Amino acid sequence: MNDFTWGVATAAYQIEGAVDEDGRGESIWDRFCATPGKVRAGESGAVACDFYHRYPEDIALMRELGVGAFRFSIAWPRILPTGRGAVNAAGLDFYDRLVDDLLAADIVPFPTLYHWDLPQALEDEGGWRARSTAQAFVDYTQVVVERLGDRITHWTTHNEPWVIAFLGHEWGIHAPGHTSEQEAVDVAHHILLSHGWAVDAIRAEAPDAQVGIVLNLEHVDPATDSEADRAAAWEMDGRANRWFLDPLFRGAYPEDIALSPPVQPGDLEAISAPIDFLGVNNYFRFVVSDGPTVVELPNVQRTSMGWEVHPDGLYKLLVRVARDYEPASIFITENGAAFEDVRGHDGRVRDPERTEYLATHIDAVRRAKEEGAPIDGYFVWSFLDNFEWAMGYSKRFGIVYVDYPTQERVPKDSFYWYQQRIRSLQPA
Ligand code: FCB
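So this is what it looks like as structure tokens:
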């Protein structure tokens, strides 16, 4: 890869569709979507952007955009339809073709092994609450790396362990929709453990590859300078950020956070296996007061997710992570915004808010890099409008508009802005 990598990011369940094709098994997101009341308007990823069939056209569009890398995820239920055991050759063949076509287009494939679509068969055996799922993940990883490891230079194990654990198992708004804090803590631990074990498995099979994990991280500001608000902000930071960064980079959970992970001897050594890069997903900052309670500031710009637009939070976050944890390399693996995009009568999609969001956040990345943060790449979330989990298709994050009834792709104005930004050859 060149000095600085510009990319776009996606995830399997959000774009692929073809959920019943070529032997794919059921995932927890298929099941969750089929459960009344869980996903807006009863929508699902059954068709999504039909990327499974349209990927050649989408790669051509990426080439026009000029990105150097494409972040996508591999669907475990396509590879091992019941989670473990029998390998589905057709599933591996799909990613094999995708990787070859990306390389032929001079685009580095940047795969994530787990972006939330656990095989339902494993969920039925306890999902990530069960330690045995960590071993199943390693076995799955081995199968994938054996097949693609000769061509992949950057492997990512997990996407956003916090979201998997807490949104899926304490808040109940993501699959599998449970509501127990202890379950969430168990899940977070098993995900981290499976990451550490998978790092070893990947290195054994592909010793030259770079291996990392993607965390969602947020800068936390206290609502006021009071001691109580500052303590609340530190606690929020502990639960959202340090709970994952500390075990990965320091081999210990933060002692000030009163949660009890199911640690067994050797686990923390496994979790803190050295990694080559840290992936950072960031969309907003938190403002927190005593409680800790998240404060919704009035009179600030928000995206259609309700998230505050605050690029300086990304700058502060990156400088802090670089200083406190010294990762060898950082990739911004997701950053972007949903707005109420409409296609004009002239066919064009004008999205000045998104362009402004991307420009100011990329500038925040540049400033952090100037301060010495070892940032090697930036990926826009997302390449295409797609299935936004519990919000269904109501939130458009793409720099390419998708007209779902026809599957037509329409590059938005932000696509052309990003194209120019990449062509300018300036690093962030
Ligand atoms: C992140 C997810 C990604 C997408 C964006 C908006 O939490 O990793 O799949 O939904 O949020």
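Count the sequence shown with the working numbering and you get residues 70 to 497, in order.
Virtual Cβ for every residue (Gly too), placed ideally from N, Cα, C.
No experiment lies behind these values; they were computed from the predicted model shown.
Return yes when the C-beta of residue 117 is under 7 Å from any heavy atom of the ligand FCB, and no when it is not. no
Is it buried or exposed, residue 154, if we count other Cβ atoms within 10 angstroms and call 16 or more buried? exposed
Please check the pair residue 330 and residue 254, which I expect to be a contact at CB under 8 Å, by giving their CB distance rounded to whole angstroms. 5 Å
When you compare only the Cα positions, how much space is there between residue 113 and residue 353? 26 Å
On the three-state DSSP scale, how would you describe residue 497? coil
Let me know the alpha helix (DSSP H) ranges lying completely inside the segment 370 to 431, each 4 residues or longer, listed in chain order. 380 to 394
Could you have a look at residue 295 and say whether DSSP puts it in helix, strand or coil? coil
Which value, in whole angstroms, describes the spacing of the CA atoms of residue 392 and residue 444? 13 Å
Meets three-Cβ-pair contact criterion under 8 Å: the segment 208 to 223 and the segment 267 to 282: yes
At a threshold of 7 Å, does residue 403 count as lining the ligand FCB (C-beta to nearest heavy atom)? yes
Pull up the distance between the alpha-carbon of residue 320 and that of residue 337, whole angstroms please. 5 Å
Could you give the DSSP three-state label for residue 435: helix, strand or coil? helix
Cross-strand partners of residue 93 (DSSP beta bridge): Answer is none; residue 93 lacks a bridge partner.
Could you name each continuous beta strand (DSSP E) segment of 3 residues or more that falls completely within the segment 146 to 197, going from the start of the chain to the end? 177 to 183
Thinking C-beta only, is residue 497 closer than 8 Å to residue 435? yes
If we count the other Cβ atoms within 10 Å of its Cβ and call it buried at 16 or more, is residue 264 buried or exposed? buried
Residue 255 CB to nearest chain B CB: under 8 Å? Here there is only one protein chain, and chain B is not present.
Pick from 437, 412, 449, 158 that is closest to residue 478, judged by C-alpha positions: 412
Counting pairs of beta carbons, one from the segment 121 to 140 and one from the segment 168 to 177, are three or more of them closer than 8 Å? yes
Would you check if there are 3 or more beta carbon pairs closer than 8 Å linking the segment 241 to 258 to the segment 138 to 145? no
Quick one: what does DSSP say residue 282 is sitting in, helix, strand or coil? strand
Hey, quick one: how far does the alpha helix (DSSP H) through residue 267 stretch, first residue to last? 250 to 274
Looking at residue 163: is its Cβ nearer than 8 Å to the Cβ of residue 119? no
Is it true that the segment 304 to 320 meets the segment 370 to 382, where meeting means three or more beta-carbon pairs spaced less than 8 Å apart? no
Would you kindly work out how many angstroms separate the C-alpha atoms of residue 78 and residue 214, rounded to a whole number? 20 Å
Taking the C-alpha atoms as reference points, what is the distance between residue 369 and residue 96? 38 Å
Figure out for me which residue from 301, 316, 403 has the closest Cα to the Cα of residue 545. A query on residue 545 cannot be resolved here, the shown segment of the chain reaching from 70 to 497 and no further.
Counting Cβ pairs, one atom from each stretch, are 3 or more of them under 8 Å apart for the segment 452 to 469 and the segment 101 to 110? yes
Less than 7 Å between C-beta atoms, sequence neighbours within five positions excluded: which residues of the same chain meet that for residue 200? 259
Opening and closing residue of the beta strand (DSSP E) in which residue 210 lies: First-last for residue 210: 201 to 217, but that is the alpha helix (DSSP H), not the beta strand (DSSP E).
Quick one: what does DSSP say residue 99 is sitting in, helix, strand or coil? helix
Using a Cβ-Cβ cutoff of less than 7 Å, which residues in the same chain neighbour residue 494 once the five nearest sequence positions on both sides are dropped? none
DSSP-derived helix/strand/coil call for residue 71: The predicted model places residue 71 with a pLDDT of 47, which falls under 50 and marks its position as unreliable, so this point remains unresolved.
Residue of 165, 257, 190 minimising C-alpha distance to residue 205: 190
Buried or exposed by the 16-neighbour rule on C-beta atoms within 10 Å, applied to residue 363: exposed
Rank 343, 333, 282 by C-alpha distance to the C-alpha of residue 226 and give the top, closest one. 282
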